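Just so we're aligned: the sequence shown equals residues 7 to 331 in the numbering used here. Glycine included, C-beta positions come from ideal geometry on N, C-alpha and C. Please read these numbers as outputs of a predicted model, since none were measured by experiment. Presented below is the structure to which this report refers.
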Amino acid sequence: CLVCAYWLINNADESAPPPSIGMPKPFDASAGFYMYPTEEIAKMYDGVPCEHDPTAWCYNQAKWCPDDDNCRADNGAYPFGDKRVFSDQMTNPYALTPFPNAIFWDWATIFILGFGNLAALDFQARCMSAKSPNIARIGCLIAGLLTFFVGIPFSYMGAITRHYYGPDSIHAEFEADSCSKVLDLPTCGMWKPDSMAFIKVLTEVPPGFIGGWCLLGIVAASMSTSDGAILALGTVFANNIVRNIPKLTGSKADWVNEKNLLLAARLSTVPFGLIAMMIAAFYHSDHPQGATGYLLIVAFDIVLAGCVVPLFACFYVDKPSPNAG
Numbered sequence: 007c008l009v010c011a012y013w014l015i016n017n018a019d020e021s022a023p024p025p026s027i028g029m030p031k032p033f034d035a036s037a038g039f040y041m042y043p044t045e046e047i048a049k050m051y052d053g054v055p056c057e058h059d060p061t062a063w064c065y066n067q068a069k070w071c072p073d074d075d076n077c078r079a080d081n082g083a084y085p086f087g088d089k090r091v092f093s094d095q096m097t098n099p100y101a102l103t104p105f106p107n108a109i110f111w112d113w114a115t116i117f118i119l120g121f122g123n124l125a126a127l128d129f130q131a132r133c134m135s136a137k138s139p140n141i142a143r144i145g146c147l148i149a150g151l152l153t154f155f156v157g158i159p160f161s162y163m164g165a166i167t168r169h170y171y172g173p174d175s176i177h178a179e180f181e182a183d184s185c186s187k188v189l190d191l192p193t194c195g196m197w198k199p200d201s202m203a204f205i206k207v208l209t210e211v212p213p214g215f216i217g218g219w220c221l222l223g224i225v226a227a228s229m230s231t232s233d234g235a236i237l238a239l240g241t242v243f244a245n246n247i248v249r250n251i252p253k254l255t256g257s258k259a260d261w262v263n264e265k266n267l268l269l270a271a272r273l274s275t276v277p278f279g280l281i282a283m284m285i286a287a288f289y290h291s292d293h294p295q296g297a298t299g300y301l302l303i304v305a306f307d308i309v310l311a312g313c314v315v316p317l318f319a320c321f322y323v324d325k326p327s328p329n330a331g
């Protein structure tokens, strides 16, 4: 995926959608009704003075759309153009205008994923398997740096995807007559994002073997996360529940040994795996593709609410008790 990201960054037609060229009038005229926001953008597309306001600049229909068979136009979604990265997206609620900026939900998601991950079982298991606390600490720092190395170029693919399958692309679809009355426009449509746009970019834009291996990498990463979580569930079940059965029942604990606990952990992964497959197969949402990935955020919500406080208490309370968990 990293190779695919760098290939797209260096070879894509556009790094992000440019300023909209606009669209023609529905009848033959020298100037279309789309008005450019600045003279600089108008000069990019050889704009002409508008019919109703000669001081403004409009779409040059005579040049870009002389007839239906020879027409270059878009939907006017990006009057000022899109960007690879909006530097103020996390501080300015109007950074993505004319599109909404869900700044509150972005910060909420970062907080949930950041602190929820602290108590994630698969992360905890990796830290606990280190030979020493110092090795675990160094491993976490290296993993964080690698995340930046992989994540930052991969995030640039969002702007590239918007260029190929965004609201100004030839693939864009809109919901007809969905104008807000506040706009007081005769007609307009709400853009319907293509939920498969990123997959289509990987399969159609880069060379097949690069895009294909990126898809395989995504599937492999998903499988790694899933089986890591299932194995962690089995380990927790064996050590936190099976190990404590004698205490709860008052029976002898002779059978509680490392061999039996390992067997219990392995056997428990079977029902946990079946439960995971059932959820993935039968979970439904308003998202056209099912949006099972959203369940990961829900899982971190639960971990954040139920585990983060006891986890912090283990490290920062002078005399922690296992009953506190």
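(request) Since I believe Ser21 is in contact with Ile27 (beta carbons under 8 Å), could you give me their beta-carbon distance rounded to a whole number of angstroms? (result) That belief does not hold up - the Cβ atoms of Ile27 and Ser21 are roughly 17 Å apart, past 8 Å.
Quick one, which of Pro139, Phe117 and Arg78 has its alpha-carbon nearest Leu310's?
Phe117
Identity of the residues DSSP links to Asn332 by a beta bridge:
The question about residue 332 has no answer, for the chain in this structure spans 7 to 331.
Flag this pair as touching only if the segment 249–261 and the segment 219–228 have three or more C-beta atom pairs under 8 Å; answer yes or no. no
### Query
With respect to the alpha helix (DSSP H) encompassing Leu317, which residues constitute its N-terminal and C-terminal limits?
Val314 to Tyr322
key: Same chain, Cβ closer than 8 Å to Trp113, neighbours up to 5 away in sequence not counted   = Met96
Taking 7 Å as the limit between beta carbons, can you name the residues of its chain near Val9, skipping five residues before and five after? Ile216
Check your understanding: In whole angstroms, what is the alpha-carbon distance linking Leu317 and Val262?
Key -> 26 Å
Output the distance between the C-alpha atoms of Ala62 and Cys56, rounded to the nearest integer angstrom. Approximately 6 Å between the Cα atoms of the pair.
Ile303, buried or exposed, once every other Cβ within 10 Å from all chains shown has been counted against 16:
exposed
Review point. Would you say Pro24 and Arg168 are within 8 Å of each other, going by their C-beta atoms?
Key: No, the Cβ-Cβ distance between Pro24 and Arg168 is not below 8 Å.
Less than 8 Å between the beta carbons of Thr275 and Gly240, yes or no?
Closer than 8 Å, so yes.
* Asked: Between the C-alpha atoms of Glu181 and Cys146, what's the straight-line distance to the nearest angstrom?
  -> 46 Å
Exposure of Trp70, with buried meaning 16 or more beta-carbon neighbours within 10 Å: buried
Pull up the distance between the alpha-carbon of Lys206 and that of Glu45, whole angstroms please. So the two alpha carbons sit approximately 35 Å from each other.
*Cα-Cα separation between Pro199 and Gly172, rounded to whole angstroms*: Distance between the alpha carbons of Pro199 and Gly172: 7 Å.
| query | For Glu181, which beta-bridge partners are listed by DSSP? | reply | Met196
Exercise. Is it buried or exposed for Asp88, if we count other Cβ within 10 angstroms and need 16 for buried?
Worked result: buried
Pick helix, strand or coil for Cys133, following the three-state DSSP scheme.
helix
**Prompt:** Apart from the five residues on each side of it in sequence, which residues of its chain come closer than 6 Å, Cβ to Cβ, to Asp324?
**Reply:** Once the five neighbours on either side are set aside, Asp324 has no close Cβ partner at all.
Let me check one thing: in DSSP terms, what residues is Pro55 bridge-paired to? Trp63
Through-space distance from Asp75 to Tyr65, alpha-carbon basis: Cα to Cα, Tyr65 sits roughly 18 Å from Asp75.
- request: Can you grab the Cα-Cα spacing for the pair Ala18 / Ile166, in whole Å?
  value: 7 Å
### Task
Count the other C-beta atoms from every protein chain shown that fall within 10 angstroms of the C-beta of Cys7, then say buried if there are 16 or more, exposed otherwise.
buried
Would the beta-carbon of Asp94 fall within 8 Å of that of Ala83?
no
Legend entry - Where Met41 falls: helix, strand or coil (DSSP): strand
Measuring alpha carbon to alpha carbon, tell me which of Met41, Asp307 and Ala131 ends up nearest Thr231. Ala131
Closest by CA to Asp73, which one among Pro30, Pro104 and Ala108?
Pro30
Between the alpha carbons of Ala319 and Cys313, how many angstroms are there, rounded? 10 Å
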